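Scroll down for the structure; my scribbles are underneath it.
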Amino acid sequence: MQIENVDLHFVALFSEKKDAIPLILMHGWPGSFIEFLPMLSIIRKRYSTKDLPYHIVVPSLPGYTLSTIQTHDKEWGVEDSSRVMNQLMVNLGFDRYLGQGGDVGQFTAQIMAREYEACVGIHLNMIVTFPPLGEETVVDAFEKERVEFTQKWRATGVGYALEHGTRTSTIGSVLASNPLAMLAWIGEKMLEWSDEDPSLDEILTNISLYWFTSCFPSCLYIYRQMSSGSLVTQWKFTNKPLGYSVFPKEMGVGVKSILEKESNLVSYKRHERGGHFAALERPADLWEDIEGFVSKAWKV
8 MQIENVDLHF VALFSEKKDA IPLILMHGWP GSFIEFLPML SIIRKRYSTK DLPYHIVVPS
68 LPGYTLSTIQ THDKEWGVED SSRVMNQLMV NLGFDRYLGQ GGDVGQFTAQ IMAREYEACV
128 GIHLNMIVTF PPLGEETVVD AFEKERVEFT QKWRATGVGY ALEHGTRTST IGSVLASNPL
188 AMLAWIGEKM LEWSDEDPSL DEILTNISLY WFTSCFPSCL YIYRQMSSGS LVTQWKFTNK
248 PLGYSVFPKE MGVGVKSILE KESNLVSYKR HERGGHFAAL ERPADLWEDI EGFVSKAWKV
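Mind the numbering: the sequence shown is residues 8 to 307 in the working numbering, read in order.
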């Protein structure tokens, strides 16, 4: 689908039910739409098109793999991706929908909820836009461990993000010039950031999408905003329903007491297993959480 200057790719499961609830599920970096394929397989086994209670749309974010930004005459930020994602749902005929995302997808979803009336709620499996914890912030042992995990990762594991944000074209050109370099750059993240190692086929399929679509450096553009701090310092939830799933090896941590104070938190679920690629690693768990969120967030 052509939206503005983006040749937009998406996969979807559409229902024949007139009252089916529209959902848009969004990946991050270094992921792709294939993260959601195991989840879509679970859904297809559970429902037929006649009784599927949802319309499920899984796009490739603009600049990622099969969604090409055709012109580069201006800076492209997460606000632009959010506008295009919202327009995708509108073009598909949905005047109301729920969003879901992790990593870059969670930034995109948050802006969609904030800026567009059609997005009536969001479910996230990564939240990184938090102010520093104050002495009054209530955290239990689980959250204390997750905060310490995140702090350690921010001290030792974000060199890649600094390179993405400050030398975007340089690192993008390097990675686009050699498939082995891309395998090393993305493959280590898929292994290190996962609780359970993805299969070799999953790693190579994901990296092949990046390589054969020549989407470096466009898939890194958002990191310029991260490097400047604009995405973190200007965070603000709306009063629209929010759902949050906590996976223990996810680097971004959302503290429940802060979420309860700063957002309209309607669902919250902790898991014993899972990491950054939750849809790929724990598709059944994440889908169960999404369905639980939808039951609380969607109002007829």
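The beta carbon of each residue, even a glycine, is placed where N, CA and C say it ideally should be.
These numbers come from a predicted model, not from an experiment.
- Task: Decide if the stretch 211-227 is in contact with the stretch 150-167; the criterion is three or more beta carbon pairs, one per stretch, under 8 Å apart.
- Result: no
inquiry  = Would you call the stretch 167-180 in contact with the stretch 288-301, where contact means no fewer than 3 C-beta pairs closer than 8 Å?
reply    = no
Q | CA-to-CA distance, Ile210 to Gly194, given in whole angstroms | A | 7 Å
- request: With a 10 Å radius around its C-beta and 16 neighbouring C-beta atoms as the bar for buried, classify Thr240 as buried or exposed.
  value: Only weak support is given to the placement of Thr240: the predicted model assigns it a pLDDT of 49, under 50, and the question is left unresolved by the model.
request  = Could you check the C-alpha separation between Leu73 and Tyr61 for me, to the nearest Å?
outcome  = 24 Å
Discussion item. For Gly250, report the span of its beta strand (DSSP E) as first-last.
Written reply: Pro248 to Val253
Which first and last residues belong to the alpha helix (DSSP H) in which Pro45 is found?
Leu44 to Arg53
*alpha helix (DSSP H) containing Leu198: first to last residue?*
Pro186 to Glu199
What are the start and end residues of the beta strand (DSSP E) that includes Ala125?
-> Ala125 -> no beta strand (DSSP E), and no H or E assigned at all.
Which value, in whole angstroms, describes the spacing of the CA atoms of Trp160 and Ser252? 20 Å
request  = Could you have a look at Phe40 and say whether DSSP puts it in helix, strand or coil?
outcome  = helix
Selection from Met33, Gln94 and Val13 that minimises the alpha carbon distance to Asp80 = Val13
message = Any contact between the stretch 141-155 and the stretch 188-203? By contact I mean 3 or more CB pairs, one from each, below 8 Å.
response = no
Query raised in the report: Among Trp36, Val260, Met119 and Ser22, which has the Cα closest to the Cα of Val146?
Result: Val260
Pick from Gln107, Glu267 and Glu269: whose alpha carbon is nearest that of Phe300? Gln107
> First and last residue of the beta strand (DSSP E) that includes Arg277?
Replying inline: Asn271 to Arg277
Taking the alpha carbon of Ser39 as the reference point, which residue from Arg289, Ile76 and Gly112 has its own alpha carbon closest? Gly112
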